[in-house]
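**Q** Numbering (our numbering), first residue to last: 64 to 172. We treat Cβ as the ideally placed atom computed from N, Cα and C, and that holds for glycine.
(1) Within the same chain, show all residues whose beta-carbon is closer than 6 Å to that of residue 145, passing over the 5 residues directly before and after it, in chain order.
(2) Give the DSSP-derived three-state secondary structure of residue 112 in the structure shown.
(3) Ends of the alpha helix (DSSP H) at residue 126?
(4) Pick from 89, 96 and 129: whose alpha carbon is nearest that of residue 164?
(5) Does residue 172 come out as helix, strand or coil in the three-state DSSP assignment?
(6) Residue 101 by DSSP, collapsed to three states: which one?
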């Protein structure tokens with residue numbers, strides 16, 4: 064079960080990146096801006112995740128700071144989905160993240 068939770072975590076991270084990309088392609092006006100936002104936003108989000116929240120982060124954060132970063136990152140991904148008109152996907156992302164985070168805490172992952 065613990066490995067399933069880690070797999071869920073990875074899937075949530077990928078879903079967050081997809082959410083940022085989807086928002087970019089929907090939010091932009093004009094092809095150039097859509098491509099820039101649709102490709103650039105997930106790249107920026109991935110770099111931030113790699114720097115601060117990945118298991119082997121370049122700048123490891125202490126527990127509380129990492130939790131705040133995760134809440135902001137996944138919250139921004141959910142907001143991106145909501146602003147793109149995908150409210151049920153945003154709600155699903157938040158709900159799955161909450162379950163995943165609780166299980167990570169309980170299982171010391």
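**A** Short version:
(1) 153
(2) helix
(3) 126 to 146
(4) 129
(5) coil
(6) helix
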